[in-house]
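Single-structure report; data block below.
As structure tokens, this is what we get:
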């Protein structure tokens, strides 16, 4: 029996996944989490085989953050990302956080179940399109920043806070943080100051 925790902030999505997975006699949904923190707690308490993880929860903490914390547990379950987001930064961020699979929410049920079985067996489960994108990304080791990422970084360089950046660009604090995570990943840094310095060195910022 494969024990699953569903982590998604939308109750309708969790209910739909639970209903779909209930048709498989080898899969048992043992818990549901509406926040990244709940996902980490349930992973520690229930010892599932797989956590099915969304990436965005409308909070400062993302699914990738939770995945990293879950994979740091003493006996961590596999994390399978199931999301609407397919940007290169999202994919790379999730894989770097320790996710063993990455699927989009429009994947057919049989593909999702096959991915759950693969993740539970310790295998990698990437949707073919995602795998292709990841390989292409790995072959170009110095990816550029998107226009929006450069906008965010330019405001960081001007000394703006996350909330100030969000107000200026009409996006949420969580979205600002997500952009910064992607910038850090692409530039190979771990702080705002280092990101600005690296971007200037590469000619991305004036």
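Numbering (the numbering used here), first residue to last: 27 to 232.
We put the beta carbon where it would ideally sit given N, CA and C, even for glycine.
Keep in mind it's a predicted model, so treat the numbers as computed, not measured.
Here residue 222 carries a helix assignment [DSSP, helix/strand/coil].
Residue nearest to residue 151 within the set 205, 104 and 183 is 104 (criterion: CA-CA distance).
In this structure, residue 73 sits away from residue 125, with a CB-CB distance that is not shorter than 7 Å. Annotation for residue 128: the continuous beta strand (DSSP E) segment containing it runs 127–130. DSSP, reduced to helix, strand and coil, places residue 190 within a helical segment of the structure shown. Residue ranges of uninterrupted alpha helix (DSSP H) with 4 or more members, entirely inside the stretch 61–114 and ordered along the chain, are 62–72 and 89–97. Non-local beta-carbon contacts of residue 186 in its own chain, meaning distances under 8 Å to residues more than five positions away in sequence, involve 194 in chain order.
If you check the CB distance, residue 181 and residue 191 come in under 7 Å. Look at residue 54 here: in three-state DSSP terms it is strand. In the three-state scheme derived from DSSP, where H, G and I count as helix and E and B as strand, residue 31 is classed as strand.
Judged by beta-carbon spacing, residue 31 lies beyond the 7 Å limit of residue 81, meaning their Cβ atoms are not closer than that value.
Note that the C-beta distance between residue 131 and residue 108 is below 7 Å.
As DSSP reads the structure, residue 151 sits in a beta bridge with 127.
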